[in-house]
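Engineer: Numbering of the sequence shown is given in the numbering used here, commencing with residue 1455 and proceeding in unit increments. We treat Cβ as the ideally placed atom computed from N, Cα and C, and that holds for glycine. The structure presented is a predicted model; accordingly, all values stated were derived computationally and were not measured.
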Amino acid sequence: MPTFLTTQSMDEAAAVAGDLHRTLAEVIRTPPVAGRRASTLAKELGVGRMTCQRVMKLTRDSGEAGTSDPALLAELPGVGGLREFLEAVVDAGVSRSSIADAFAAVDAFESYLKRVGLSQTAFGSALRLFHETSDPDRLRERRERLFDAASAITGQAAELTTSMMAIRPSRHEQFNYEQIAVRGYAGMRATGSAMPIRLPMNMAFSDYRNVTSEEAAREPQRLIESFCTRPLPSIDSRIIKSEHLAHIVDPEHIPAGEPFDCFAIQHNRWIIDEPGPHKAIWLYVDYPTRHCIFDMYLHHEMAEHLKIHGDCHLWGTSLLAPPEDLWMTRFSDQMQFHELGRGTGGAASRRYERQRSLADHMFEDQGWDPQEYVGFRCEMELPIWRSGLCLVMEPR
1455 MPTFLTTQSM DEAAAVAGDL HRTLAEVIRT PPVAGRRAST LAKELGVGRM
1505 TCQRVMKLTR DSGEAGTSDP ALLAELPGVG GLREFLEAVV DAGVSRSSIA
1555 DAFAAVDAFE SYLKRVGLSQ TAFGSALRLF HETSDPDRLR ERRERLFDAA
1605 SAITGQAAEL TTSMMAIRPS RHEQFNYEQI AVRGYAGMRA TGSAMPIRLP
1655 MNMAFSDYRN VTSEEAAREP QRLIESFCTR PLPSIDSRII KSEHLAHIVD
1705 PEHIPAGEPF DCFAIQHNRW IIDEPGPHKA IWLYVDYPTR HCIFDMYLHH
1755 EMAEHLKIHG DCHLWGTSLL APPEDLWMTR FSDQMQFHEL GRGTGGAASR
1805 RYERQRSLAD HMFEDQGWDP QEYVGFRCEM ELPIWRSGLC LVMEPR
């Protein structure tokens, strides 16, 4: 079974590698070693030629600048070989005290391998696995393959999935929160045999539970026609699960494979008697998509008292578990989270040229002043199909 190196163990490896490089470089500059080829050094010191080659390679590859690359730990001789080399340098006339730091660095190398429970060879294998699972280009390539496979299986794919909302304390006597929500797809493609495409709004959770239908008053969705493809897609309006209104786009009404844009807007009010300390809004990646943008605008009166952060999880049966359970479903990947600031000035995105205009439309539609709101964004390229992006709100 492969051993996975953690970020912490990689940081420790980098520190060990840095000390080894620095101290061994000093040894290489001593009179018995300086300026000699590995073959000559092997004869004069009585040390294996391969050991000398791997030590001397240290300066050829990284020079005087030094290195703290953990890969050095896999490229140097093993602990036994390093000690043999240093003892030979001492026998050649270099005082042990002058290279004591090098002996200490080798001891630290040995201690590190014991802590991670690996031989030097096994460490090299674990290091390659770490890079394969953390290199951004490799991760993107794997998600690209997932996107292609999911698109082929479902017969559906979008260039962009976007969702945004604005939330404020409600002025309505029966509700305590009010929301505008926008959901849509740009460059959506579907084959005639694919399942209908839904435009669901985001799910809200509070105190680790779903905000139920009884706690929300949802108005019917409306197409944002100025952002939709012309002629407008054929839409079926239907009631889904206890008044959860959703628009349905039937692929049979669309030429096979022809991309279309479709966006809808909805106004909601919530009554949450005891919101609890932990609230979150989720965007589910219903369809394979190349890019995903998830924006939330909080009224400044709310934003002042909340810490906002983003996360990405597997879409499972319990979509907002307590924090001690979320580690089981979390994706450690390329999702980006950042604040947009006040208003819609920071809403533009290179992923979708109309993202700022869509945000402006959302506020104008309900007559809300965007300058009263602070924006937050989760954004991801090639999100994993059937995962969920969430914006979590916690008290400061």
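Give the secondary structure of E1848 by DSSP, where H, G and I count as helix, E and B as strand, and everything else as coil.
Structural biologist: Correct three-state label for E1848: strand.
Engineer: Grab me the residues of L1536's own chain with a C-beta within less than 7 angstroms of its C-beta, minus the 5 sequence neighbours each way, in chain order.
Structural biologist: L1530, V1560
Engineer: In or out: E1632 buried (at least 16 other Cβ within 10 Å) or exposed?
Structural biologist: buried
Engineer: Mind checking whether H1753 and E1826 have CB atoms under 8 angstroms apart?
Structural biologist: Cβ distance < 8 angstroms, so H1753 and E1826 count as in contact.
Engineer: Cα separation between H1763 and F1791?
Structural biologist: Answer to the nearest angstrom: the Cα atoms are 7 angstroms apart.
Engineer: Leaving out five residues on either side along the sequence, give the residues of the same chain with a beta carbon under 7 angstroms from the beta carbon of S1493.
Structural biologist: R1503
Engineer: Which same chain residues, not among the five before or five after R1810, have their C-beta less than 7 angstroms away from its C-beta?
Structural biologist: T1798, A1801, A1802
Engineer: Let me check understanding here. Comparing Cα to Cα, which of I1719, P1742, L1768 lies closest to L1836?
Structural biologist: P1742
Engineer: Check this for me: beta carbons of Y1751 and G1829, under 8 angstroms apart or not?
Structural biologist: Their beta carbons are under 8 angstroms apart, which means Y1751 touches G1829 by this criterion.
Engineer: Am I right that L1512 and A1479 are in contact with their C-beta atoms under 8 angstroms? What's the rounded C-beta distance?
Structural biologist: 7 angstroms
Engineer: Following the continuous beta strand (DSSP E) through R1622, name the residue where it begins and the one where it ends.
Structural biologist: 1610-1623
Engineer: Evaluate F1458 with the Cβ neighbour count: other Cβ atoms within 10 Å of its Cβ, from every protein chain shown; 16 or more gives buried, anything less gives exposed.
Structural biologist: Exposed, since its Cβ has fewer than 16 Cβ neighbours within 10 Å.
Engineer: Could you have a look at L1794 and say whether DSSP puts it in helix, strand or coil?
Structural biologist: strand
Engineer: Where does E1778 sit, in a helix, a strand or coil, going by DSSP?
Structural biologist: Annotation note: pLDDT 42 at E1778 (below 50); position unreliable, coordinate value reported separately. Under the three-state reduction of DSSP output, E1778 falls in the helix class.
Engineer: Comparing C-alpha positions only, which one of C1832, E1679, A1813 sits nearest to D1823?
Structural biologist: Measuring from the Cα of D1823, the nearest candidate turns out to be A1813.
Engineer: Tell me whether Q1675 is buried or exposed, calling it buried when 16 or more other Cβ atoms sit within 10 Å of its Cβ.
Structural biologist: buried
Engineer: Can you tell me whether K1497 is buried or exposed, with buried defined as 16 or more other CB within 10 angstroms of its CB?
Structural biologist: exposed
Engineer: How long is the line joining the alpha carbons of E1697 and A1671, rounded to whole angstroms?
Structural biologist: Low per-residue confidence applies at E1697: pLDDT is 49, beneath 50, and the placement is therefore not dependable enough to give any value.
Engineer: Give the straight-line distance between the Cα atoms of F1418 and C1832, rounded to the nearest whole angstrom.
Structural biologist: Lying before the first or after the last residue shown, residue 1418 is absent from the chain, which here runs from 1455 to 1850.
Engineer: Any contact of the region 1553-1571 with the region 1592-1609, i.e. 3+ C-beta pairs under 8 angstroms?
Structural biologist: Contact between the region 1553-1571 and the region 1592-1609 is absent: fewer than three C-beta pairs spanning the two stretches fall below 8 angstroms.
Engineer: In terms of DSSP beta bridges, what is M1750 paired with?
Structural biologist: M1619, F1830
Engineer: Do I1702 and P1650 have their C-beta atoms closer together than 8 angstroms?
Structural biologist: yes
Engineer: Assign A1611 to one of two classes, buried (16 or more other C-beta atoms within 10 Å of its C-beta) or exposed (fewer than that).
Structural biologist: buried
Engineer: Here's the rule I'm using: 16 or more other beta-carbon atoms within 10 Å means buried, otherwise exposed. How should H1745 be labelled?
Structural biologist: buried
Engineer: Does DSSP put T1461 in a helix, in a strand, or in coil?
Structural biologist: helix
Engineer: Within its chain, find whatever has a CB closer than 6 angstroms to the CB of A1519; leave out the 5 residues flanking it on each side and keep chain order.
Structural biologist: Summary for A1519: the model assigns pLDDT 43, below 50, so the residue's position carries little reliability; its value from the coordinates is reported in the next sentence. Within the same chain, A1519 has no close Cβ partners at all.
Engineer: Roughly how many angstroms separate the alpha carbons of S1841 and H1767, rounded to a whole number?
Structural biologist: The straight-line gap from Cα to Cα measures roughly 6 angstroms.
Engineer: Assign T1771 to one of three DSSP states: helix, strand, or coil.
Structural biologist: At T1771, the pLDDT of 48 sits below 50, so the modelled position is not reliable and the matter cannot be decided from this model.
Engineer: CB A1851 to CB S1522, shorter than 8 angstroms?
Structural biologist: What the structure shows of the chain is the stretch from 1455 to 1850, and residue 1851 is not part of that stretch, so it cannot be assessed.
Engineer: Thinking C-alpha only, which one of T1683, E1598, A1542 is nearest A1436?
Structural biologist: Examination of residue 1436 is not possible in this model, given that the chain is present from 1455 through 1850 alone.
Engineer: Straight-line CA distance for V1533 to P1590?
Structural biologist: 32 angstroms
Engineer: So A1813 is in the beta strand (DSSP E); what residue range does that whole segment cover?
Structural biologist: Run containing A1813: none in the beta strand (DSSP E); it sits in the alpha helix (DSSP H), 1809-1820.
Engineer: Determine the burial state of A1554: buried for a count of at least 16 other Cβ atoms within 10 Å of its Cβ, exposed for fewer.
Structural biologist: Exposed: under 16 other Cβ atoms inside 10 Å.
Engineer: Buried or exposed for L1653, going by 16 or more other Cβ atoms inside 10 Å?
Structural biologist: buried
Engineer: Within the same chain, show all residues whose beta-carbon is closer than 6 angstroms to that of L1495, passing over the 5 residues directly before and after it, in chain order.
Structural biologist: Excluding positions up to five away in sequence, the list reads C1506.
Engineer: Near G1711, what residues of its chain come up, given a Cβ to Cβ distance below 6 angstroms and the 5 sequence neighbours on each side ignored?
Structural biologist: R1643
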